[in-house]
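A quick write-up on the structure given underneath.
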Amino acid sequence: MPHQAKGTFFAASLMNETQVKDPKRGQLEVAGKGRRFDGRSVVKLGQGEKKGSSIDSFQPKLRSSTCQNKEGARGRSDKSSKIVLKLQEMEENRIRHLQESNARREQIRLAKLARLREVTDRAQKEIEEENRKRAQEAKERRLRKAEHQKRTEALMAKEKADAAKSDNFRRYLRLKYHGFFPWMRYMQQFRDNVVRACQSNLLRLQRAPFQAWLKVTRWNSTRKHAIASASYFRMLSRKVLSNFMQAVKLRQLAMLNASNFYDQSLLKKYMQNWIVHYKQVEEENSVKSKMAVNHFSRTIQHRCFLQMLQYVSISKADRERERRLANLRLKVLQIVPDFQPCVPVE
């Protein structure tokens, strides 16, 4: 379709160009002879067109062929009018589509502008809210700063008062701990030194006899300690030996008790296992005996049932045979006369 429309537009433009009005003669002359428009290309049907020829050389031929091609020109004019109408309709459709696309584009632009305006308003509101928050925070900071300044001034005044009190107290402590108390310590130390000197002199006087007594006492204590150590080692050796013998006896007794206990435990375990195995065997035997009894009873019942069925079938066959024999006798009696004597034979 696009190629056909393009060819139609080209053909219409070519026809408009070929319709040339001669201003000298006042009549419309059609340039070209036997042209056909198919919407895609223009086919030249004239035979006298050559390259390099001018328009004046074709004018006599055109005037001579005007009358002959009058009806063909009318048909072509009708076709060209139809093509022009179709082109006008296509142009109107194009203009309408263009207007619709412009309207849609305008709507999209307005929607984008509305969204942009909404985003701008929201951003403006956020900026105003942020400015309000910043102003509130600045106000709170100023209030906190003023309060901090007041507290700082009060604290500085309190520190000055405390510094004055501390200076007075420090002066008192200097007088107390660097004047009176050192003198008291010095006097106490002097009295202690006098007492210590007296005690040292007394100890110096008592040291000679005490050293002799200490030497004798140490020798006696060393000898007694050696005797006590020897006796203690002998007693400890006897106790260790007796305890070792007792431990050996107890160990032998414990080993004997352990072996007896092991034998008893092993025997008990064997007995328990044997009892469990015996119970299992008894249970298995009882189950097997019950199964055998059930199987035997079922076998007997099955055999009895088979014999009963066989007896019933045999009895039925006997009764049927007796009935047939009786019927046969009746038929024979009906057919064959009775040859038996009427008078009994003596």
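Counted from 1, the sequence shown has number 296 at position 296 by full-length UniProt numbering; the numbering is strictly sequential. Ideal Cβ positions, reconstructed from N, Cα and C, are used throughout, including at glycine.
Roughly how many whole angstroms lie between the Cα atoms of residue i and residue j?
i	j	result
serine 315	histidine 302	20 Å
residue 432	proline 182	The chain is shown from 1 up to 346; residue 432 falls before or after that span and cannot be answered.
histidine 178	glutamine 189	16 Å
glutamine 272	methionine 308	53 Å
glutamine 334	asparagine 294	59 Å
methionine 235	alanine 226	14 Å
arginine 207	threonine 217	15 Å
arginine 323	valine 312	16 Å
leucine 110	isoleucine 95	22 Å
leucine 143	glutamate 137	10 Å
arginine 204	lysine 176	40 Å
methionine 184	asparagine 201	26 Å
asparagine 102	leucine 113	16 Å
arginine 174	arginine 191	25 Å
valine 332	glutamine 310	33 Å
glutamine 99	glutamate 89	15 Å
lysine 145	alanine 154	14 Å
glutamate 284	threonine 299	22 Å
aspartate 167	glutamate 129	55 Å
glutamate 320	leucine 306	21 Å
alanine 228	tyrosine 262	49 Å
serine 41	glutamate 106	Any reading at serine 41 must be qualified, since the residue scores a pLDDT of 40, below 50, and its modelled position is unreliable; the value itself is stated next. Serine 41 and glutamate 106: Cα-Cα distance of roughly 40 Å.
isoleucine 127	glutamate 147	30 Å
Does the beta carbon of residue i fall short of 7 Å from some heavy atom of the ligand FMN?
i	result
alanine 161	Inclusion of the ligand FMN in the displayed structure is not the case, the ligand content being empty and no account of it being possible.
Kindly provide the ranges of any alpha helix (DSSP H) runs that are 4 or more residues long and lie completely inside the stretch 133-213, ordered along the chain.
-> Within the stretch 133-213, no run of alpha helix (DSSP H) reaches 4 residues while sitting entirely inside it.
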